[in-house]
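Mapping of the sequence shown onto the working numbering: position 241 corresponds to residue 274, and the numbering continues sequentially without gaps.
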Amino acid sequence: MTQSLRFPQALLDQSAAARLHYFKNITVPHRHLQAALDQLLLNLREPADISIFFIVGPSGVGKTTLRLRAEKILLTESLPELRANPAHIPVAGMEVAASEQGKFSHRDYYMRVLDAVDEVLVAYKSNYGLHYSPDAIHPQRSLAALRRSLEHVLRHRQVKTLMVDEAHHLVMMAGARQMLQQMNWIKSMANITQTTHALFGTYELLNCCRLSGQLSRRSEDIHLPRYQKHSQADVTEFIRVLQTFQRHLPLATEPTLDQWCEYLLEYSVGCIGILKTWLIRALRTTLTENASTITMKHLQQHQLSVARFHQLQEEAESGEQHLINDRTDTGQLSASQPSQKPSTPKRQVGKRNPKRDLVGGQS
Ligand SMILES: Nc1ncnc2c1ncn2[C@@H]1O[C@H](COP(=O)(O)OP(=O)(O)O)[C@@H](O)[C@H]1O
Ligand SMILES: [Mg+2]
């Protein structure tokens, strides 16, 4: 690897906060992320008869990272269209709040979507000189009035895609009937507004998306899987990600994370997001100690607790099993299926990614 692919060496003279900030902003493209992104973009550009997409994966695998990448790409792609039709909103994204005491708040949901649409408009306004005069949304308005405002905004702004993150919160409720009701509600919003809904969440989302026959016909799921220690292709890709991270840790001596691949793969549960969070914490301690590199001691110090590790692993395993059963039933096993042999990464050797915030080889 050439030196230029490492972090800017001037960072070594900068503050710990600046060095940490640099590493936090590093996003490494990897095979599973790229495959899910390609599948999602392909579907969102031409949604055909599908009105709802479920993007599922374990906690910390990178679902939010995937959402933000997809939003950015879709926004950039529609800039020419936007110049011709400035009122149009190609994509908006928001995060569902966890329900309070088991009660999901539709009011909170409507307000958050309205805010998300507003945010896109504000961004355009500053960038493209557009004018926006928002309806005054009074928090005390009735639920029905809020829903009408939302439908109005989605329809009139021709919001093509709404990305809903942490969408498992929509359906984490007791009883299949309530879950079905929630799904029918989302489906109805998608149909009335002609806005494709992309729901991102943990495998719990799968519990509901098969409940309604009508919904399954008009929905599709996309899996963002973790890396499995039993798959050679996965281990190879994980090592490549480790090598990219280690080159971007702004330390005097480059750490040898790839040598501890087995340990890091195991205790990150194969999730790149969990790995990244772990490395950020280890880097913070290393910088505080003024040490020249990250050692095994730093990693162990910030390893997931045993309880959390088991919880994440069990969640991932049962979700994967759920997906396998589901897809076997519906005869739609996909290439991202953990039970199948993953395809070999198609890496373009020597080709650098043009995006400034993305580093590492593109699969
Ligand atoms: N490919 C990646 N490269 C760098 N950092 C990543 C990558 N994927 C995830 N992260 C980081 O890991 C953390 C968790 O990822 P996130 O996308 O929030 O996971 P999820 O939404 O699946 O729980 C975030 O801080 C995110 O920025
Ligand atoms: Mg997330």
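Ideal Cβ positions, reconstructed from N, Cα and C, are used throughout, including at glycine.
| Asked | Found |
| --- | --- |
| Check whether L183 and V146 have beta carbons under 8 Å apart | yes |
| Buried versus exposed, by CB contacts within 10 Å (16 or more), E114 | exposed |
| Whether P123 touches L99 by CB criterion (8 Å) | no |
| Option nearest M144 by Cα separation, candidates P119, M127, H63 and F233 | M127 |
| Pick from L73, A43, P80 and K309 that is closest to T229, judged by C-alpha positions | P80 |
| Contained alpha helix (DSSP H) runs [length at least 4] in the segment 203–270, N- to C-terminal order | 209–226, 239–242 and 246–250 |
| Residues proximal to ligand 2 by C-beta, any heavy atom closer than 7 Å | K96, T97, D198, E199 and F233 |
| Straight-line Cα distance separating P119 from T60 | 31 Å |
| The segment 348–360 / the segment 80–94 touching (three or more Cβ pairs under 8 Å) | yes |
| Element boundaries [alpha helix (DSSP H), containing I106] | K96 to E110 |
| Simplified DSSP assignment, three categories, for K193 | coil |
| Closest Cα partner of K309 within the set V204, A117, H54 and A49 | H54 |
| C-alpha gap between E300 and L337, whole angstroms | For the sequence presented, residue 300 should be read as Tyr rather than Glu. Cα to Cα, the separation comes out at about 7 Å. |
| Residues that A125 bridges to, as DSSP identifies them | L195 |
| Of the listed residues P283, V302 and V150, nearest to A340 (C-alpha basis) | V302 |
| CA nearest to the CA of D359, picked from P288, L244 and L332 | L244 |
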